[in-house]
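Report on the structure given below.
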Amino acid sequence: MEHPRVQDPSGEVCPDYLGPAYAAIRQRMAANGGMTEAEVAQALKEGWQTEHEQRLEGWQLQVQADFAEAEAERGRQREEADAKLAEERRVREEEKQALEKKKPKLARMVPNMPPQNILQDRISDFAREKLAKLGYIEIDYFTAHSKEEATRHARTVADDAIMLVKGGRRRQLQFRPGGHGQDAEAELNTLPLWPREWRDQYAAFFLAIASHKDSQDPVGQGALMLYVDRVRREWHRRAIAKDVDDTVFDIGVFSKETYDECRTRVGNKRQKEAIDNNTGSIELHMDEFLRTITEEKQKQRMLGPFSQHELEAIIGPFQTSPLSIIPKPHKPGAFRLIQDFSFPRSPSHGYPSINQALHADDFPCTWGTFTAFSLLCYRLPPGSQAAVRDVAEAYRTVPLHPSQWPGTVIRASRGDDYLVDTAAAFGATPNAGVYGGVADAGTDIMRFTGIGPVSKWVDDHTFFRILREHIDAYNAERQEWRKQVAFHSGAHHEGGRLWYGGDVLPDGRVDEFVEDFEFPIRDLSSASPRSREDALFSSCLADIDAISAELGIPWQKEKDVPFATTFVFTGLLWDLDAKTVAIPRAKADKYRTAIATWRTSRTHVLEEVQKLYGKLLHASLVVPDGRSYLTNLESMLGIYHDNPFMPRTPPRGTVEDIEWWDATLTRTDLARPIPGPQPVRRLEAFSDASSGTGIAIVVNGHWRAWVLRDGWKRDGRDIAWAEAVGFELLVYCLTAFPSLPERARLFGDNNVVVNGWRNGRSRNRQVNAVIRRIHKATAGRGREFFLSYIPSADNPADAPSRGRYPPAAYLLPPVPVPDMVRPFLRDAIVEGPHRDEHAASFTRSRRGSGTSVEHRSAGSLADTDDSPADASWFFRAVPNWDD
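Read in order, the letters of the sequence shown are residues 56 to 938 in the numbering used here.
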């Protein structure tokens, strides 16, 4: 039987027996015992101390007993652990002895003996083992074909591209023999069978491969992998002795002779496979092909022809890419020669494409995006003009270093005729940036001389000039932008683009610039003779020509667009006076023709989707509402996977989207204001939704709420849809205010809706439909809404969306609810027996009037688009946006 546990009494304090709490006890004991109250208090204190000491002694005995019991338990656990450990050691020793008995006899390793005759193809292991036992094998096993197949039958086949086949899709393995060596060494250190000497040699083997001078060379990589594969297999085959005199070579000794043979074999194989035939378009346009080749040779941009043997003697092993020739768009009778540097598009051919080893991000340059160019145009002083010039054969003006020539060889005929292309060509991944770097240097030199601003898109350059009277003021603005660029760390490298960032604009965008404003605009009007009109401006085409002649920039003069306030750049019509950007009629008709072509087929390959999507995405720069009509094409882009030539059926809704675009492109007003850094007014306007209750909006402390009906969460409708509808109702409410600012910032707490509205479209189908409705409802009203994120805790609409309604006196008038939303919402009531709908009645005083007006009951307002007859007072009075 367990004794009761004693509580630790060491912290107890003796009561104050002389205090008022013990006065009655002292008096009674004094009366009965003949003692004074002080003597009574002392007696009580002594009694308490005696009892306290007894409890302390009991506590100490209990502590000692607990310690002894715990120590005994620890002793028992140590004994159990020691017994368990001894048992484990015994088992391991027995297993070790069993393994020692099973160990195969190892061959004697001959130090410093290199591998020999490893590249000789052998018969299969099955056939060799059967033959070793004097068994019969078919004669076919000895043929070259069977031995080659047996050689290929290994985990790693280095003769071909090193590949891993998984799930029907190929992934090329990275060449990392050093990493394989570390993995192998770590694994071998766990195997008792391997002697220390063998492990050291194995590590030395991989170290020699990883540090080999050819490890970064494409042919060398293949040769090294072939060497690794063959040497390792031969070493493992000979490591297990079958006779007392069997020996194995030192795998750590690198055999140059064997490697050279590997390199020759891989090089020959790659060379044979890497010389690709050209496409059928060359045969179709042979006259144009020969004319182009002749012209390129005359300009000394192509060298040759050479035979394969001759060219290899000059530049070493080389790789060709298939050629095709296509007509130039908008230029009848002109053709463009294209090298397909992306062939082959999969490693199944045994060698990679040229582009596979190149990365555009390594060759960044500047270019004027729509945002950067729009901001530049918007900020120009009044009366500014622009001229557009196009560089002739831009890429071909850039010579390539001879080290690059083995990757730019072209096949001039089906025979043994090859040409070396020594200039940058269209189709190589980095060449846009290669030329862009040269063009950046040219534009910087232009800016250094005082010409500008200047912006470019590949080979198209736009030169701006400003009236001389505005030069000083404009340069002062440029200095302010220069400070912003410096504050935000100068040039930014994103992908293949270089750009300069400034402050955050009122609409939430980051300011973008195409230069760092190091050089001011100069007055060059006296630099050379010019017309009276040219003399009014900072520069003219003669100033540009003077620098271009010195730099050797070959402009296509027939494509020059002289200085004017309207001009076409990047396919769009820009008007500097009106500050608008438009889609030219010819461009819109071209896009409609592309739509008509699309409609002729029910299914489409990836390239057809990409082309139409690219055109309509370009059009959406001027028609931003169109972004929400591109989501189905965007989804279609992702369904091809590794079958780009397999025709696919467009997603549901694509036909309607294309019809919208076709109708839109017939409009005569395909223009918009140039999106500049215009002010945006912050409104105290919020929306929110709660999946368990409903939707609410709050405007300047006034509110309105709706309850979500049962069954609303179907057909893709989720909380993001409810949040989007809340934003939609907020917009409809605000558009009734006559004093609403042209550009207003609203707030919501759902990132799907915030980002979707900012991007003009959402991948959420139902949210995207809401965005379309808002665009349609606000079109032509001269109002632009911006939506920003606000945390739910700071969102005034959060509480009413959850059913916690403010007083009915602050209720907003009814808001039009779209027909397709009405089945899922009903007005909330905050008073009466049906307390989940809007107030049955409430009164307000008209501004300037002492009378109050009673509104219709909430029941009659529910699910209606009509505002009360007297609700107009609210929109005139609340709020005053200008205060």
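Positions of the beta carbon are idealized from the N, C-alpha and C atoms, including for glycine.
Point to revise | For ARG466, the nearest candidate out of LEU455, VAL664, SER376, ALA278 (CA to CA) | key: Taking the sequence shown and counting its residues from 1, the one referred to as residue 466 is at position 411. Nearest of LEU455, VAL664, SER376, ALA278 to ARG466, Cα basis: SER376.
Review point. Helix, strand or coil: how does DSSP classify SER266 here?
Key: Taking the first residue of the sequence shown as 1, we reach residue 266 at position 211. Three-state result, SER266: coil.
Review point. When you compare only the Cα positions, how much space is there between PRO873 and ALA799?
Key: Position 818 of the sequence shown holds residue 873. Position 744 of the sequence shown holds residue 799. The straight-line gap from Cα to Cα measures roughly 22 Å.
Point to revise | Residue-level contact to chain B via CB, ARG657, 8 Å cutoff | key: Protein chains in the displayed structure number just one, and chain B is not present.
Review point. Under the rule that 16 or more other beta-carbon atoms within 10 Å means buried, what is THR686, buried or exposed?
Key: As a first step, residue 686 is located in the sequence shown; it is residue number 631 there, counting from the start. Buried.
**Study point:** Distance between beta carbons of PHE782 and VAL753, contact taken as under 8 Å
**Key:** For the purposes of this step, residue 753 is identified with residue 698 of the sequence shown, where counting begins at 1. For the purposes of this step, residue 782 is identified with residue 727 of the sequence shown, where counting begins at 1. Actually they are not in contact, since the Cβ atoms of VAL753 and PHE782 sit about 12 Å apart, beyond 8 Å.
Review point. What span of residues does the alpha helix (DSSP H) with GLN665 cover, start to end?
Key: Taking the sequence shown and counting its residues from 1, the one referred to as residue 665 is at position 610. Per DSSP, GLN665 belongs to the alpha helix (DSSP H) from 661-674.
Check your understanding: For PHE879, which option in TRP761, PRO561, ARG838, VAL825 has the closest C-alpha, if you only look at C-alpha atoms?
Key -> Within the sequence shown, numbered from 1, the residue matching residue 879 stands at position 824. The option with the nearest alpha carbon to PHE879 is TRP761.
Check your understanding: Can you list the beta strand (DSSP E) stretches of 3 or more residues lying completely in the segment 368-419, in chain order?
Key -> 378-382, 390-394
Practice item. Could you check which residue in ARG251, ASP395, PRO360 has the C-alpha nearest to that of ASN332? Key: Counting from one through the sequence shown, the residue named residue 332 turns up at place 277. When each option's Cα is compared against that of ASN332, the closest is ASP395.
Practice item. Starting from VAL489, trace the alpha helix (DSSP H) both ways and give me its first and last residue. Key: By one-based count along the sequence shown, residue 489 stands at place 434. From DSSP, the alpha helix (DSSP H) with VAL489 extends over 486-503.
Exercise for review: Please say whether GLN440 and ALA582 have beta carbons closer to each other than 8 Å?
Suggested key: For the purposes of this step, residue 582 is taken as residue 527 along the sequence shown, with counting starting at 1. For the purposes of this step, residue 440 is taken as residue 385 along the sequence shown, with counting starting at 1. No, these two residues do not count as a Cβ contact at 8 Å.
Exercise for review: From the DSSP output, in three-state form, read off SER62 for me.
Suggested key: Position 7 of the sequence shown, counted from the first residue, corresponds to residue 62. Note on identity: in this sequence residue 62 is Gln, with Ser being the wrong assignment. DSSP places GLN62 in coil when its eight states are reduced to three.
Check your understanding: Of all the beta strand (DSSP E) runs that stay within the bounds of the segment 568-622, which reach a length of 3 or more residues?
Key -> 616-619
Exercise for review: Check whether the segment 491-511 touches the segment 386-394, taking contact to mean three or more Cβ pairs, one atom from each stretch, closer than 8 Å.
Suggested key: no
**Study point:** Pair within 8 Å by beta-carbon distance, LYS670 and TYR646
**Key:** Counted from its first residue, the sequence shown places residue 670 at position 615. Counted from its first residue, the sequence shown places residue 646 at position 591. In contact: LYS670 and TYR646 (Cβ atoms closer than 8 Å).
Review point. Which class does TRP422 belong to by DSSP, given the choice of helix, strand or coil?
Key: Taking the first residue of the sequence shown as position 1, residue 422 is located at position 367. Coil at TRP422, not helix or strand.
Review point. Is ILE348 near ILE380, with beta carbons less than 8 Å apart?
Key: Reading the sequence shown from its first residue, position 293 is the one you call residue 348. Reading the sequence shown from its first residue, position 325 is the one you call residue 380. Contact flag unset, no.
Exercise for review: Could you say which of PHE260, VAL274, GLU448, SER468 lies nearest to THR334 if we only look at CA atoms?
Suggested key: As a working mapping, residue 334 is identified with position 279 in the sequence shown. Considering only alpha carbons, the answer is SER468.
Review point. Near GLU797, which residues of its chain fall below 7 Å by C-beta distance, leaving aside the five closest residues on each side in sequence?
Key: In the sequence shown, the residue the question calls residue 797 occupies position 742. Hits under 7 Å: GLY837, ARG838, GLU839.
Check your understanding: Starting from VAL713 and walking both ways along the alpha helix (DSSP H), at which residues does that stretch end?
Key -> The sequence position of residue 713 within the sequence shown is 658, counting from 1. The sequence as given places Ile at residue 713; Val does not occur at that position. From DSSP, the alpha helix (DSSP H) with ILE713 extends over 709-719.
Check your understanding: How about PRO169 and VAL283: do their beta carbons lie closer than 8 Å?
Key -> For the purposes of this step, residue 169 is identified with residue 114 of the sequence shown, where counting begins at 1. For the purposes of this step, residue 283 is identified with residue 228 of the sequence shown, where counting begins at 1. Not in contact: PRO169 and VAL283 (Cβ atoms no closer than 8 Å).
Review point. Whose C-alpha, out of SER510, ALA294, GLU448, is nearest the C-alpha of TYR490?
Key: Taking the first residue of the sequence shown as 1, we reach residue 490 at position 435. Checking every option, the nearest Cα to that of TYR490 belongs to GLU448.
Exercise for review: Give me whichever residues DSSP pairs with GLU783 in a beta bridge.
Suggested key: Locating residue 783 in the sequence shown gives position 728, counting from the first residue. Bridge partners of GLU783: none, in fact.
Exercise for review: Would you mind working out which of TRP460, PHE802, THR477, SER458 sits nearest ARG356, comparing C-alpha positions?
Suggested key: Counting from one through the sequence shown, the residue named residue 356 turns up at place 301. Per the Cα distances, THR477.
Check your understanding: How would you write the range of the alpha helix (DSSP H) that GLY335 sits in, first residue to last?
Key -> Counting from 1 along the sequence shown, the entry for residue 335 is found at position 280. Start and end: 335-339.
Review point. If we ignore side chains and look at the alpha-carbon of each, how far apart do SER397 and ALA265 end up?
Key: In the sequence shown, counting from the first residue as 1, residue 397 sits at position 342. In the sequence shown, counting from the first residue as 1, residue 265 sits at position 210. In a straight line, the C-alpha of SER397 is about 28 Å away from that of ALA265.
Check your understanding: From what residue to what residue does the beta strand (DSSP E) around TRP761 run?
Key -> Sequence index remark: in the sequence shown, residue 761 carries index 706 (1-based). Looking at the DSSP string, the run of the beta strand (DSSP E) that includes TRP761 is 757-763.
Exercise for review: Would you mind working out which of GLY626, ASP630, LEU631 sits nearest PRO639, comparing C-alpha positions?
Suggested key: In the sequence shown, counting from the first residue as 1, residue 639 sits at position 584. Cα-wise, what sits closest to PRO639 is GLY626.
Exercise for review: Give me the Cα-Cα distance between VAL165 and THR302, rounded to the nearest whole angstrom.
Suggested key: The residue given as residue 165 occupies position 110 in the sequence shown. The residue given as residue 302 occupies position 247 in the sequence shown. Approximately 6 Å, taken between the alpha carbons.
Practice item. Output the distance between the C-alpha atoms of ALA427 and ASP495, rounded to the nearest integer angstrom. Key: Numbered from 1 along the sequence shown, position 372 holds the residue referred to as residue 427. Numbered from 1 along the sequence shown, position 440 holds the residue referred to as residue 495. Straight-line Cα distance between these residues: approximately 16 Å.
Practice item. Quick one: residues in its chain with C-beta nearer than 6 Å to the C-beta of THR463, no 5 flanking neighbours on either side, listed in chain order? Key: For this step, residue 463 is matched to residue 408 along the sequence shown. So the list reads ASP476, once near-sequence residues are dropped.
Point to revise | Beta-carbon proximity of ASP445 to GLN271, cut-off 8 Å | key: Here residue 445 corresponds to residue number 390 of the sequence shown, with the count starting at 1. Here residue 271 corresponds to residue number 216 of the sequence shown, with the count starting at 1. Not closer than 8 Å, so no.
Exercise for review: For the alpha helix (DSSP H) containing PHE542, list its first residue and its last residue.
Suggested key: Stepping through the sequence shown from its first residue, residue 542 is reached at position 487. From DSSP, the alpha helix (DSSP H) with PHE542 extends over 526-542.
Review point. In the DSSP assignment, what residue or residues form a beta bridge with TYR555?
Key: Looking up residue 555 in the sequence shown gives position 500. Note: TYR555 sits in a beta bridge opposite ALA546, PHE568.
Exercise for review: Can you grab the Cα-Cα spacing for the pair ALA120 / GLN132, in whole Å?
Suggested key: Here residue 120 refers to the residue found at position 65 of the sequence shown. Here residue 132 refers to the residue found at position 77 of the sequence shown. Cα-Cα distance, rounded: 19 Å.
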